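A quick write-up on the structure given underneath.
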Amino acid sequence: MQLTQKEKLQLQDALSHEQICIMKYNNYANQVQDTEIASMFKNLANREQQHADTISKLLQQGGA
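The opening residue of the sequence shown carries number -10 in this note's numbering; numbering runs sequentially from there.
Structure below.
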């Protein structure tokens, strides 16, 4: 699969947004006292990491 330059830029932008979310969710998890809320933020960070991994794979397969 060959991505267009526009598709690559859009995926790179999406990856950047996912990485920001991961960082924020992990920071939130470390700041809260409630373990259930901390666990929720960690789960969200893990889900965003899965998204980031998928986007990275698409970029690698697309010749980025």
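No residue lacks a Cβ here, since even glycine has one placed at the ideal position from N, Cα and C. Predicted model, so just to flag it, every value in this text is computed and none were measured.
Asked, Found
"So, under 8 Å CB-CB, Leu0 and Ile44 are touching, yes? Tell me the CB distance rounded to an integer number of Å.", "5 Å"
"To the nearest whole angstrom, what separates the beta carbons of Ala34 and Glu7, a pair I think is in contact under 8 Å?", "Ala34 to Glu7, Cβ: 10 Å. No contact."
"Could you spell out where the alpha helix (DSSP H) holding Thr(-7) opens and where it closes?", "That residue, Thr(-7), is in no alpha helix (DSSP H); it is neither H nor E in DSSP."
"Considering only their Cβ atoms, is the gap separating Gln39 from Ile11 smaller than 8 Å?", "no"
"Helix or strand or just coil, what does DSSP make of Asp2?", "helix"
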